[in-house]
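First the structure, in the form of structure tokens, and then the observations on it.
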Amino acid sequence: MKFFIDTANLDQIREANNLGVLDGVTTNPSLMAKEGIKGVENQRAHYQKICEIVDGDVSAEVIATDYEGMIKEGEELAALNPHIVVKVPCIEAGIKAIKYFTEEGIRTNCTLVFSRGQALLAAKAGATYVSPFVGRLDDISSDGIELVRGIVEMYHYYGYETQVLAASIRSTQHIIQCIEAGADVATCPLAAIKGLLKHPLTDSGLATFLADYKKVNGD
Ligand code: G3P
Numbered sequence: 002m003k004f005f006i007d008t009a010n011l012d013q014i015r016e017a018n019n020l021g022v023l024d025g026v027t028t029n030p031s032l033m034a035k036e037g038i039k040g041v042e043n044q045r046a047h048y049q050k051i052c053e054i055v056d057g058d059v060s061a062e063v064i065a066t067d068y069e070g071m072i073k074e075g076e077e078l079a080a081l082n083p084h085i086v087v088k089v090p091c092i093e094a095g096i097k098a099i100k101y102f103t104e105e106g107i108r109t110n111c112t113l114v115f116s117r118g119q120a121l122l123a124a125k126a127g128a129t130y131v132s133p134f135v136g137r138l139d140d141i142s143s144d145g146i147e148l149v150r151g152i153v154e155m156y157h158y159y160g161y162e163t164q165v166l167a168a169s170i171r172s173t174q175h176i177i178q179c180i181e182a183g184a185d186v187a188t189c190p191l192a193a194i195k196g197l198l199k200h201p202l203t204d205s206g207l208a209t210f211l212a213d214y215k216k217v218n219g220d
């Protein structure tokens with residue numbers, strides 16, 4: 002399973018990248034706003050910086066919601082760097098735009114996906130990635146992981162090549178559940194990725210090894 006980090010924060014991206022296991026980055030307009038990145042030029046410069054840090058796919062989302070606007074913006078984003086994947090919302094104009102981008106060889110991430118029907122349309126349009134939002138479904142007492150599992154099953158059954166990118170991941174446990182559901186990618190906050198390292202038996206085992214070493218070898 003590939004790991005992306007879900008942030009526009011350069012320090013967190015560097016930290017995750019330095020772990021040596023990062024495969025890419027996803028951003029969205031809310032995450033860009035959280036970093037205080039204002040204006041189109043600054044946003045594009047920020048995407049460039051992210052692409053320079055990480056040798057992997059970087060999702061950059063279009064703001065336009067009409068077909069022509071999405072095409073213009075997506076082509077400009079894709080031209081910034083070969084790492085860029087154009088992120089497009091799962092609305093009617095978005096599905097048409099994904100089809101266009103697919104024909105032009107521009108990679109896409111169909112975002113804000115909350116049902117298998119939406120995921121089917123994204124795959125038929127040729128999306129590189131589809132992003133079911135796990136946490137946001139859990140927030141409304143639905144089951145985000147079940148949706149990931151259902152999309153994975155559907156894509157395998159019909160042979161779609163679109164990769165299932167589990168998004169809105171909120172915890173380490175979500176990542177484990179994504180593995181079980183067969184997600185191709187999980188895009189996660191840094192804390193959730195680092196949570197994978199934690200196990201009390203690792204900590205106590207290491208403490209015992211070091212104490213035993215010191216008993217014989219001294220400090
Ligand atoms: O990748 C989408 C993600 O950023 C949304 O996460 O936590 O705002 O639902 P969240």
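Taking the working numbering, the leading residue of the sequence shown gets 2, the next gets one more, and so forth. Quick reminder that beta carbons are idealized off the backbone N, C-alpha and C, glycines included.
Taking the CB atoms as reference points, tell me whether residue i and residue j lie closer together than 8 Å.
i, j, result
"I223", "I170", "The structure shown does not extend to residue 223, since the chain is modelled only from 2 through 220, so no value can be given for it."
"A94", "M71", "yes"
"A127", "K97", "The sequence given here has Gly at residue 127, not Ala. Contact flag unset, no."
"C91", "Q119", "yes"
"T188", "F5", "yes"
"N82", "C52", "yes"
"T163", "L197", "no"
"I194", "M2", "no"
"A123", "V153", "no"
Where do the N-terminal and C-terminal ends of the alpha helix (DSSP H) with residue i fall, by residue?
i, result
"E162", "Neither: E162 is in no alpha helix (DSSP H) and is coded neither H nor E."
"P30", "P30 to K35"
"G219", "Segment: none, G219 is in no alpha helix (DSSP H) and carries neither H nor E."
"K195", "L191 to G196"
"I176", "T173 to A182"
"D140", "V135 to D140"
If you follow the beta strand (DSSP E) that residue i is part of, which residue opens it and which one closes it?
i, result
"V59", "D58 to E62"
"K39", "K39 -> no beta strand (DSSP E), and no H or E assigned at all."
"A17", "Looking at the DSSP string, A17 is not in any beta strand (DSSP E); the run it does join, the alpha helix (DSSP H), is L11 to N19."
"D7", "K3 to D7"
task: Determine, using beta-carbon pairs with one atom in the stretch 57-71 and one in the stretch 85-96, whether at least three such pairs fall under 8 Å.
output: yes
message: Strictly closer than 7 Å from CB to any heavy atom of the ligand G3P: give me those residues in the order they appear in the chain.
response: Counting only beta-carbon distances shorter than 7 Å to the non-hydrogen atoms of the ligand G3P, the qualifying residues in chain order are D7, T27, N29, S31, L32, T112, S132, F134, G136, R137, A168, S169, R171 and T188.
- prompt: If you pair each beta-carbon of the stretch 103-112 with each one of the stretch 138-146, do three or more pairs fall below 8 Å?
  reply: no
message: Check whether the stretch 149-167 and the stretch 186-204 touch, using three or more Cβ-Cβ pairs below 8 Å as the test.
response: yes
- prompt: Considering only residues of the stretch 50-126, which uninterrupted beta strand (DSSP E) runs meet the minimum length of 3 residues and lie entirely inside it, listed in chain order?
  reply: 58-62, 85-90 and 109-114
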